[in-house]
Amino acid sequence: MKSLVSRMTLIAGACALLACSVKAGQVDLKVAVSHPVMLADQKQTAYLRIGLTGLPVVEATQRAPVNVAIVLDRSGSMSGRKLSEAKQAAILAIGQLGADDIVSVVTYDNRVNVLVPATKVSDRHTINAAIRRIRSGGSTALFAGVSKGASEVRKFLSSDRANRVILLSDGLANVGPSSPEALASLGTSLIKEGISVTTIGLGLGYNEDLMYRLASASDGKHVFVEHPSQLASIFKREFGDLLSVVANEILVEISCAEGIRPVRVFARDADITGQRVTTKLSQLYGRQEKYVLMEVEVPGMPEGKSRPIADVNVNYNNVVTKGSVSLSGSAKVAFSRSSHAVSKRANTKVMVSAVEQVAVDNNIRAMRLRDQGKVAEARKLLLSNEKYLNDNAARYKNEKLRTWGAESGKDADNLSPEKWKSRRKQMREIQFDMAY
Amino acid sequence: MKPRLAIILLLIVLIPLGLMVWLGFRVARGELATVKESIRKLHIEKLQDVEGNIRKVIQRRERELLELAGSVKEDPYSIRKLVRSQPALRQVFVLAKDGKLVHPAVQSQLSRQEEEFLARAGQVWKDQAVFFRPSSETRPSTAADSGWYSWYWGSGSHFVFWHRTAAGRVTGFELDRFRLVADIIAELPDTGLSDSAPEGGLLSLLDARGESLYGWGGYNPGAQEQPLVSLTLKSPLSSWRLAYFRSGEPTAAFGTGLWFNLVAVLLLAAIALSVLAAYFFRESSRELREAGQRVSFVNHVSHELKTPLTNIRMYAELLQESAIGDDPKASRYLEVVVTESVRLSRLINNVLSFARHQRKALKVRKTDGVVDEIVAAVLESFTPSLDSRGIQARFQAGAPGRVQVDPDALGQIVGNLLGNVEKYAPGSGELHIESRREGQTTVVLVTDNGPGIEPAERENVFQPFVRLSSEVSDGVAGTGIGLSIARELARLHGGDLTLEESRPGSTFKLTLSTPE
Numbered sequence: 013m014k015s016l017v018s019r020m021t022l023i024a025g026a027c028a029l030l031a032c033s034v035k036a037g038q039v040d041l042k043v044a045v046s047h048p049v050m051l052a053d054q055k056q057t058a059y060l061r062i063g064l065t066g067l068p069v070v071e072a073t074q075r076a077p078v079n080v081a082i083v084l085d086r087s088g089s090m091s092g093r094k095l096s097e098a099k100q101a102a103i104l105a106i107g108q109l110g111a112d113d114i115v116s117v118v119t120y121d122n123r124v125n126v127l128v129p130a131t132k133v134s135d136r137h138t139i140n141a142a143i144r145r146i147r148s149g150g151s152t153a154l155f156a157g158v159s160k161g162a163s164e165v166r167k168f169l170s171s172d173r174a175n176r177v178i179l180l181s182d183g184l185a186n187v188g189p190s191s192p193e194a195l196a197s198l199g200t201s202l203i204k205e206g207i208s209v210t211t212i213g214l215g216l217g218y219n220e221d222l223m224y225r226l227a228s229a230s231d232g233k234h235v236f237v238e239h240p241s242q243l244a245s246i247f248k249r250e251f252g253d254l255l256s257v258v259a260n261e262i263l264v265e266i267s268c269a270e271g272i273r274p275v276r277v278f279a280r281d282a283d284i285t286g287q288r289v290t291t292k293l294s295q296l297y298g299r300q301e302k303y304v305l306m307e308v309e310v311p312g313m314p315e316g317k318s319r320p321i322a323d324v325n326v327n328y329n330n331v332v333t334k335g336s337v338s339l340s341g342s343a344k345v346a347f348s349r350s351s352h353a354v355s356k357r358a359n360t361k362v363m364v365s366a367v368e369q370v371a372v373d374n375n376i377r378a379m380r381l382r383d384q385g386k387v388a389e390a391r392k393l394l395l396s397n398e399k400y401l402n403d404n405a406a407r408y409k410n411e412k413l414r415t416w417g418a419e420s421g422k423d424a425d426n427l428s429p430e431k432w433k434s435r436r437k438q439m440r441e442i443q444f445d446m447a448y
Numbered sequence: 085m086k087p088r089l090a091i092i093l094l095l096i097v098l099i100p101l102g103l104m105v106w107l108g109f110r111v112a113r114g115e116l117a118t119v120k121e122s123i124r125k126l127h128i129e130k131l132q133d134v135e136g137n138i139r140k141v142i143q144r145r146e147r148e149l150l151e152l153a154g155s156v157k158e159d160p161y162s163i164r165k166l167v168r169s170q171p172a173l174r175q176v177f178v179l180a181k182d183g184k185l186v187h188p189a190v191q192s193q194l195s196r197q198e199e200e201f202l203a204r205a206g207q208v209w210k211d212q213a214v215f216f217r218p219s220s221e222t223r224p225s226t227a228a229d230s231g232w233y234s235w236y237w238g239s240g241s242h243f244v245f246w247h248r249t250a251a252g253r254v255t256g257f258e259l260d261r262f263r264l265v266a267d268i269i270a271e272l273p274d275t276g277l278s279d280s281a282p283e284g285g286l287l288s289l290l291d292a293r294g295e296s297l298y299g300w301g302g303y304n305p306g307a308q309e310q311p312l313v314s315l316t317l318k319s320p321l322s323s324w325r326l327a328y329f330r331s332g333e334p335t336a337a338f339g340t341g342l343w344f345n346l347v348a349v350l351l352l353a354a355i356a357l358s359v360l361a362a363y364f365f366r367e368s369s370r371e372l373r374e375a376g377q378r379v380s381f382v383n384h385v386s387h388e389l390k391t392p393l394t395n396i397r398m399y400a401e402l403l404q405e406s407a408i409g410d411d412p413k414a415s416r417y418l419e420v421v422v423t424e425s426v427r428l429s430r431l432i433n434n435v436l437s438f439a440r441h442q443r444k445a446l447k448v449r450k451t452d453g454v455v456d457e458i459v460a461a462v463l464e465s466f467t468p469s470l471d472s473r474g475i476q477a478r479f480q481a482g483a484p485g486r487v488q489v490d491p492d493a494l495g496q497i498v499g500n501l502l503g504n505v506e507k508y509a510p511g512s513g514e515l516h517i518e519s520r521r522e523g524q525t526t527v528v529l530v531t532d533n534g535p536g537i538e539p540a541e542r543e544n545v546f547q548p549f550v551r552l553s554s555e556v557s558d559g560v561a562g563t564g565i566g567l568s569i570a571r572e573l574a575r576l577h578g579g580d581l582t583l584e585e586s587r588p589g590s591t592f593k594l595t596l597s598t599p600e
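Chains as they are written, first to last, in our numbering: chain A, 13 to 448; chain B, 85 to 600.
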């Protein structure tokens, strides 16, 4: 009887606490805990997942205007096919934009040229002609290129627009600040203004760490393009995403309940002070889901009790209706002595995300090992990561995890010096996709 | 004569030309230096303009931060919110009046970013006195103040803008230094595609290690190339500088133009001077030619005159000896004819000698002869005219031996001397002529009692065409070449003709080399 009562309470509690979904405007907020039921009387670790899903815009006319700067590398190494494909891709991409969108084109070698200052895309002809005139030049002043691109975006900066810098580079930055830290710092500063950077690495000559850090710090996107012929489709996809932006400047604030210790936030640059955790997301596209995954330490409670984990507050700018929107949600956990109940009630979606994040961490660790020349150790770690992903794919019946697992296996098979250069870039791209 | 003229003309061309070259070179060099300096100033001004733009970025930042400083509360939550929302900020710290760190407080729970800040800001706390220092001597340390502070840590400079309230609380804003660089880059110009940019130069912003943060312009300097000019930025960016690079010598083009102009001017001057010199040369050589023609004409005429004159003299003397000579009247007339013929032939001899001397063809031909006989013969021919002018000649002969002498030359010299006495010392009484032998030379002294010659004029009398402008020569006809020819002949004869000290009158001393 007692167990029945407790079971009933538990279910009721779980129903109430499991997940609370708030829908308002363009974003759907889902706050969930990996284990809504936890083992009683034990200090444990749980994952808190704050999922944000963009709701698609019904009418095309409602979409937010785009404010994008295309920053193209025209260094000597870009000459020939690369540059011509990049130019073609940029022209095609601008073709997707409407007359109210804003575009600027910046090219750089060892100098920077603001080829097309920020302007409405009404005079495509002039813009395209300017792009066609681009010729390849010298070295790579990447930092200055991004700086100028960002300053062009800033001219029309508005929280109602999809503000973005799209950076294409095929070489190592060698003029001006060139460290991944410098670019990460710039990215961190740009996202505060609501500007994010998409970094497209072309070929095998660029610095993927730098491109990765810049994209991740500004909550943009990082893409590896091995062949110039892929550029057109990458640009098309990127611009398609930009055109479907529904929310901007998404500020996520998590207040952990008393006793709950925030351990870390995966992948994202978050500000953790005491019980309060803050992080910022740049944009959300329609039908896109982004999430913030946080590891928390939960002190044990007697069976049958429950305790709040965190209150979550999300503030974003709805670019469709043009206005600031606040969402809130919260998560609680109940306690049980039955480990069966614990595992049975585990939240699959949260667990899959946790697995992804752990796998990304493993993958990055393996990459660092390989960088240090410890090929055998890296291989071992990658193979165990593959197994980890595959096991969890089976457990949570998740195809995405299986794909990641296969990639991890491929990583393990491509550690030889001749394949590593290309594979490392691919790894960086996959890490980005998995983490964000 | 001609080579000397050529040298003079060459000098007339070369000296001013040399002077012009020297002056022109100096002026050009000065000009070039001035131009270089003004170009340098121009570049510096350009850098100062750019510096002004960078300054604007900093000042804008200052204003924003001063505004923020008023709103900063000590509550960590609001400070963190501020840092999260301000793109330019990396971290904010607050110091209490006593220098105690209020935020980020070490003992409280800190974010990772705040912990990193404390790790890199060690130097700031050591230097914190700068935040509390009185802003000036006149203002108390309690007055509100603000300023920049920068320190070096890790791989670069870090910047803090601090503000102190009147109450003494200090708020420090650490700037994101890469964002600062990006903002400055955004403010600075870009490089046009077709641009060969500011006169083919490159402007570059260099950090503390001299590495380029950003550059614009069409020029790519070499790795070791030094900038033409550079300008250190003002605080807080004083470890950075602006540099201007440029291809080649900036004044090269200008310099080439300048040199070209200079050479052109000098060339023109040289041509003008040469034309002038050529003109002078032609003029003077024409004059010389004409003078030569005149001399040769006179020479020619003199020769032509000589023969009839000899005939006149001979026939006059024959007449004297004939019956007509017995008629006292006719005899006196004939004597005048003979005397004047002698004078005329002397004159002609002098002119011929002078002409020969001018052609450097005057020569002395020594033969056997007796000096006393020659002198006596000349004196004899002068006796009637001397007598008629009240001059009594007395010859003290002391050179009776046969020696090598040119009788014509000796005769011409003595004749000229006697002729002068006749001309310039009429009525002077005694004329003393003395000859003596001194070893291999013969000396003839001719002393008159005439008005004499001023000591200052003693050498001048031997110059051709010099006739003493005084009462001595007034109203007396003469060619002015007699003494000059006499001295020339004496010298050719291995001797000399000099004017001796004597009062009253004058004594001419003739020395001739007359070997036996």
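Just so it is clear, CB atoms sit at the ideal spot from N, CA and C, and this is done for glycine as well.
In this text the structure is predicted, and so the values were computed from the model without any measurement.
Burial state of residue i (16 or more Cβ within 10 Å)
{"i": "SER472 (chain B)", "result": "exposed"}
{"i": "THR95 (chain B)", "result": "It should be noted that the sequence gives Leu, not Thr, for residue 95 (chain B). LEU95 (chain B) comes out exposed."}
{"i": "VAL313 (chain B)", "result": "buried"}
{"i": "GLN377 (chain B)", "result": "exposed"}
{"i": "SER151 (chain A)", "result": "buried"}
{"i": "SER387 (chain B)", "result": "Residue identity differs from the one stated: residue 387 (chain B) is His in this sequence, not Ser. It counts as exposed."}
{"i": "ILE91 (chain B)", "result": "exposed"}
{"i": "HIS234 (chain A)", "result": "buried"}
{"i": "TYR233 (chain B)", "result": "buried"}
Integer Cβ distance of residue i from residue j, believed to fall under 8 Å
{"i": "ILE178 (chain A)", "j": "ILE139 (chain A)", "result": "Rounded, the Cβ-Cβ distance is 15 Å, inconsistent with contact."}
{"i": "ILE432 (chain B)", "j": "LEU389 (chain B)", "result": "6 Å"}
{"i": "ASN533 (chain B)", "j": "PRO588 (chain B)", "result": "6 Å"}
{"i": "ASP283 (chain A)", "j": "ARG168 (chain B)", "result": "6 Å"}
{"i": "GLY63 (chain A)", "j": "GLY298 (chain A)", "result": "Their Cβ separation, rounded to whole angstroms, is 15 Å, which puts GLY63 (chain A) and GLY298 (chain A) out of contact at 8 Å."}
{"i": "ALA481 (chain B)", "j": "SER519 (chain B)", "result": "6 Å"}
{"i": "GLN295 (chain A)", "j": "SER171 (chain A)", "result": "About 11 Å separates the two Cβ atoms, so there is no contact after all."}
Beta-carbon proximity list for residue i, same chain, < 6 Å, skipping 5 on both sides
{"i": "ALA101 (chain A)", "result": "LEU243, ALA244 and PHE247"}
{"i": "ASN79 (chain A)", "result": "ILE114, VAL165, PHE168, ARG173 and ASN175"}
Contact under 8 Å by Cβ, residue i with residue j
{"i": "PRO320 (chain A)", "j": "ALA269 (chain A)", "result": "yes"}
{"i": "GLU309 (chain A)", "j": "ARG357 (chain A)", "result": "no"}
{"i": "TYR328 (chain B)", "j": "LEU287 (chain B)", "result": "yes"}
{"i": "ARG391 (chain A)", "j": "ALA424 (chain A)", "result": "yes"}
{"i": "LEU195 (chain A)", "j": "ARG166 (chain A)", "result": "no"}
{"i": "PRO314 (chain A)", "j": "ASP53 (chain A)", "result": "yes"}
{"i": "PHE243 (chain B)", "j": "LEU149 (chain B)", "result": "no"}
{"i": "TYR298 (chain B)", "j": "GLY188 (chain A)", "result": "yes"}
{"i": "SER336 (chain A)", "j": "ASN325 (chain A)", "result": "no"}
{"i": "PHE365 (chain B)", "j": "LEU93 (chain B)", "result": "yes"}
{"i": "GLN38 (chain A)", "j": "VAL332 (chain A)", "result": "yes"}
{"i": "PHE278 (chain A)", "j": "GLN369 (chain A)", "result": "yes"}
{"i": "ASN69 (chain B)", "j": "GLY566 (chain B)", "result": "Any question about residue 69 (chain B) goes unanswered here, given that chain B covers just 85 to 600."}
Residue i: CB within 7 Å of a non-hydrogen atom of the ligand ADP
{"i": "LEU286 (chain B)", "result": "This structure does not include the ligand ADP; it has no bound ligands of any sort."}
Min CB distance residue i to chain E below 8 Å
{"i": "GLY136 (chain B)", "result": "In summary, chain E is missing from the structure at hand, where the protein chains are A and B."}
Contacting residues, own chain, Cβ-Cβ under 7 Å from residue i (five flanking each side not counted)
{"i": "LYS160 (chain A)", "result": "VAL118, VAL124 and VAL126"}
{"i": "SER280 (chain B)", "result": "Bear in mind that the predicted position of SER280 (chain B) carries a pLDDT of just 42, short of 50, making it unreliable; the figure below should be weighed with that in mind. Within the same chain, SER280 (chain B) has close Cβ partners GLY302."}
- prompt: When you check each C-beta in the region 262-276 of chain B against every C-beta of chain A, which residues fall closer than 7 Å?
  reply: Those residues of the region 262-276 of chain B that come within reach of chain A (Cβ to Cβ, closer than 7 Å) are PHE262, ARG263, VAL265, ALA266, ILE269, ALA270, ASP274, THR275 and GLY276.
query: Quick one, which residues of the region 296-310 of chain B are near chain A if we go by CB-CB under 9 Å, in chain order?
result: So the close ones are SER296, LEU297, TYR298, GLY299, TRP300, GLY301, GLY302 and ASN304.
field: Residues, ordered as in the chain, of the region 195-215 of chain B that lie near chain A by beta-carbon distance below 9 Å
entry: Within the region 195-215 of chain B, contact with chain A at the beta-carbon level (separation under 9 Å) is assigned to SER195, ARG196, GLN197 and GLU198.
- prompt: Listed in chain order, which residues of the region 273-307 of chain A have Cβ atoms closer than 8 Å to some Cβ of chain B?
  reply: Correct list: ASP283, ILE284, THR285, GLY286, ARG288, THR290 and LYS292.
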